[in-house]
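In order, the protein sequences belong to chains W and V. If you're matching positions, the first sequence starts at 1 in my numbering and goes up one per residue. If you're matching positions, the second sequence starts at 1001 in my numbering and goes up one per residue. We put the beta carbon where it would ideally sit given N, CA and C, even for glycine. For reference, the structure is listed below as structure tokens.
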Amino acid sequence: MRRLTVSATKPAPELAVLREPLREIAGEQILAGLTAALSWLEANQQEINDLNVFPVPDGDTGSNMYLTLRSAVEEARDAPAPSAADSVLAAAAHGSLMGARGNSGVILSQILRGFAQGAAQCTNLDARGVALAITEASAVAYRAVMKPTEGTILTVVRDAAAAAAAAAETTDDIRVVLERVVTEAHAAVERTTDQLQVLRDANVVDAGGFGLAVILEGFARAIGDTHPATPAPALLRRSGEPALRLPPNPGDLEATGSAVPRRGAAAVAPREQGWGYCTEFLLNGPGLDVDAIRTELAALGESALVVGDPELVRVHIHTGDPAGLIAAASSRGRMSKLKVEDMSAQHHDVLERADAREAHAEAEGTAPPEQPHAPPKAIGIASVAPGEGFREIMGSLGADSIVSGGQTMNPSIEDLLNGVRAVNAEHVILLPNNGNVILTAEQVDPLAEDCEVRVVPTRNLPQGISALLAFDPASSLDENAARMLAAIATVHAVEVTHAVRDTSVNGHDIKTGDVLAVVDDEIAEVGNDYLGVIDAVLNAQSAKPELVTVYRGDEVNAGDADTLVATLREKHPGTEFELQLGGQEHYPYVLSLE
Amino acid sequence: MIHLVTDSTSDIALADAEALGVHVVPLIVRFGEEQYRDGVDIDADQFYTKLEQTTVHPTTSQPSPDVFATLYRTLLADPADQVVGLHISAKLSGTLQSATLAAQDFDQSRIHLVDTESVSGGLQLLVRAALDDIKAGDSAEVVAEKATLRRSKVTILVLLDNLIYLHRGGRIGRAQAFVGGLLNVKPLIAVRDGEVVPVARPRSRSKGIELIVEQVRSCAPLRGLAEFHAAAAESMTDLETRIGAAVSNVTAVLGRIGPVVGAYSGPGGLGVACLGAD
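So, in structure tokens, the structure goes:
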């Protein structure tokens, strides 16, 4: 069994001694640190992805963390006060929150938020300030997770914070503090293998924890080193074979090999009434009334994002009348960094880059048309779905807005927020329909200013469909949430895919390419063909299901699916089978058993 | 004497009506040019057989005021007699409208018409309860008043095979929300305040029956219970067994969903009506 070892190259301590101690850092250094951290994370992204324990195509930790941090750095670059540590960190925290995707991304965003909180009111950070900020980062991250688990990114940030606090007691040199932080973070990453059973079984370290260590390392190198951290030599050495990440089918390499989740525009289906103009600018104070500006500008468009303080307000809004918006805004303050983009053109660009089949489905307008000017309804639903088929089914069952995403492309908080806004309701039920999207979805409510958002924690698509079927527009939010929870408890989900790596899980010896049936998040059957594993799953049910709905993925043709379902009907008399086009990627079949 | 009049959407069997002394005014069901008086020219079996064989969608219409006028004239021949008319929800049919028109030619104090906001088994349970009131010696006015109060205690649930008939027939009401779903569901609807409302979208008939049984249980204590089916005898047996196991102390009225109501439920419909205790 291969053991993945992580060994950070420790900066030679004498170097630090030779240099002048670094007693303070300001906004510029923090931005440089974050930028370096992003580069370093990008360089290690694949390695982090390969640490995913579950051998199924899913939202990759490395990609999710990278996209989250990228959003943080982008916003930090536009920080209102670039020299002030607190300003840069607050911007980074906000950026990471909007860009957060996947569980690891959400926790990373909470770490950045805590770090920014710990540095609040500090234009410069000293060694103690850095230690305090990391400590706060750890505390906030722990609070964000309902059941904190040891052996994860949480353990790593906590141990790193402890190291920072201890170091700050003995030195005022920030370099030394950060060196200790990085050393301890990597040591904590090493320890994760023994802290979590799944990691021990697969003999790997925790991917999220490793990602955080990489970020801290990149940050520390930029602060401590005059040399940029980016094109570094192989800092991390692993023994054993290089991690394999083969796609399910040869020739499908691009689709699976680097499954970078789709961001923003590509993840939101187009609307019949067109997109208007994405208008962005900064309003400079002093004395800006943020709430009044938000109220005034939000009325002129949709998806309004108006954030800031009396000194500086950042506006992002989609409007059909950018000129009117600009006129209204410029009476409120001095405008800068104005950017107006035609979103229909922009969206087409994005779609062209996106998967062609999917682009086609989206251009057909499969999402329910949006009526931005209609009065909000009392209660509506936003649902996450991959694939044209699931989008259509969910729309037909009453979902008001569909956010593209799922297994391999986890939507960001901002994607979900936009989906919730598109519902145009006072209360919005948000269905994540994926275990790795639930935590992201839970971050949306505080950000959605005009509506109450309730997440019904659907872990897979069959649960999402059951929840939608249980919806009663005449009932209250609480009643509907209760109905949906009851409904999802009665359905079992079977997700059929191919193993993307060799591993051993739950006593199954799995080879790359094997057909896997994941039943309610657990690998239940391993085999060579779809029919075999599905048949085995059905035979293993203690109560014979009355109804099995088979959703075929985009790579399965209709004829093959018909044949499979016909065979299942013969083998399982007394069970009703229904075949639908799901259109999901990487999962040839998804089934619901009821 | 007080004469009780209802219409054929009460789905009361002719033999029962005769035995109970209830006058049933038939609505009309049409297949294109052919037209039949509900329960008189066509019974449930003939109707569902015809439905299977034809591509023409059946339509229905209310009885003409004449039919009511003729009946009222007969029933009110004795100046001491009075009429209480319990009819299908005015939101679902113009039957009550015809009755009201006909009643205008008579002494208003002798004909008491009630919009039961109900249909089928629900209407029938109200008719049966009103007969009890008459038997107990209530005046026509009081019988009508009690029926009006009682209508809020009626629950009607119908499990459908699909929404096609309800939709085509224009009686879908708020169950419109269930139309267009790409998955096969067995829509469970209710008649509430005289209108069709959506209740749930179970994916199987068995789940649907489970939901019905739950609802029936929550209506207890029951004064009356009716179970009806539209060419769904097998499911009906299942329903009877499961309701029988869930509620006791009440004898269910069993029957068929007749042609006019069947034109909206479609074959496969399975209905339950409960009347809560006064």
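Query                                                                                                                              : Result
Minimum C-alpha distance to W/P82 - residue among W/L97, W/L38, W/I25 and W/A133                                                   : W/I25
Distance between V/G1244 and V/L1076 (C-alpha atoms, nearest Å)                                                                    : 42 angstroms
Residues that W/Q580 contacts on chain V, provided the C-beta gap is smaller than 8 angstroms                                      : L1182 and L1183
Per DSSP, the bridge partner or partners of W/H427                                                                                 : W/I379 and W/E452
W/M335 - DSSP class collapsed to helix/strand/coil                                                                                 : strand
Burial state of V/P1187, where buried means 16 or more other Cβ atoms lie within 10 Å                                              : buried
Residues of its chain near W/P457, where Cβ-Cβ distance is below 6 angstroms and the 5 sequence neighbours each way are ignored    : I438
Inter-stretch contact at 8 angstroms, needing at least 3 Cβ pairs: the region 407-421 of chain W / the region 89-102 of chain W    : yes
Within chain V, the residues that W/G553 reaches when beta carbons sit closer than 9 angstroms                                     : Simply none; closest approach about 17 angstroms.
Status (buried if at least 16 other CB within 10 Å, exposed otherwise) for W/G251                                                  : Any answer about W/G251 is weak, because its pLDDT of 29 lies below 50 and its placement is not dependable; what the coordinates show is given next. Under this definition W/G251 is an exposed residue.
Stretch-stretch touch, CB-based, cutoff 8 angstroms, three pairs: the region 138-151 of chain W with the region 196-213 of chain W : yes
Sequence-distant residues of the same chain with beta carbon closer than 6 angstroms to V/Y1048, five excluded per side            : A1231 and P1267
Cα-Cα separation between W/T192 and W/L199, rounded to whole angstroms                                                             : 7 angstroms
The region 536-552 of chain W in contact with the region 507-516 of chain W per 3-pair CB rule at 8 angstroms                      : no
CB of W/L34 within 8 angstroms of CB of W/V73, strictly                                                                            : yes
CB contact flag (V/T1009, V/V1119, <8 angstroms)                                                                                   : yes
C-alpha distance - V/A1273 paired with V/E1117, whole-angstrom precision                                                           : 13 angstroms
W/M394 versus W/V157: straight-line alpha-carbon distance, rounded                                                                 : 39 angstroms
Continuous alpha helix (DSSP H) assignments of at least 4 residues falling wholly in the region 1097-1166 of chain V               : 1120-1135 and 1140-1150
Near-chain V residues of the region 402-436 of chain W (beta-carbon distance less than 7 angstroms), N- to C-terminal order        : none
Candidates W/E296, W/D321 and W/H318: closest to W/R332 by CA position                                                             : W/E296
Reduced DSSP secondary structure (H/G/I, E/B, other) of W/L300                                                                     : coil
Assigned secondary structure, W/H318 (DSSP; H/G/I helix, E/B strand, else coil)                                                    : strand
At least three beta-carbon pairs within less than 8 angstroms, the region 116-125 of chain W to the region 50-65 of chain W        : no
Contact under 8 angstroms by Cβ, V/G1269 with V/I1257                                                                              : yes
DSSP beta-bridge partners of W/S39                                                                                                 : Per DSSP, none; premise fails for W/S39.
W/G398 burial status per 10 Å Cβ neighbour count (16 or more: buried)                                                              : buried
W/D502 versus W/L477 - alpha carbon distance                                                                                       : 44 angstroms
Backbone secondary structure at W/F115 - three-state DSSP                                                                          : helix
Within 8 angstroms, strictly: CB atoms of W/P376 and W/E426                                                                        : yes
Environment of W/N433 [buried if 16+ CB atoms lie within 10 Å]                                                                     : buried
Neighbour-count burial assignment, W/E479, 16 or more Cβ in a 10 Å radius                                                          : exposed
Cβ-based contacts, 9 angstroms cut-off: residues of the region 1192-1216 of chain V near chain W                                   : V1197, P1198, V1199, A1200, R1201, P1202, R1203, S1204, R1205, S1206 and K1207
Neighbour-count burial assignment, V/Q1176, 16 or more Cβ in a 10 Å radius                                                         : exposed
Extent of the continuous alpha helix (DSSP H) run through W/R609                                                                   : For residue 609 of chain W there is no data in the structure shown, the boundaries of chain W being 1 and 594.
Continuous beta strand (DSSP E) stretch holding W/L593: start and end                                                              : Y589 to L593
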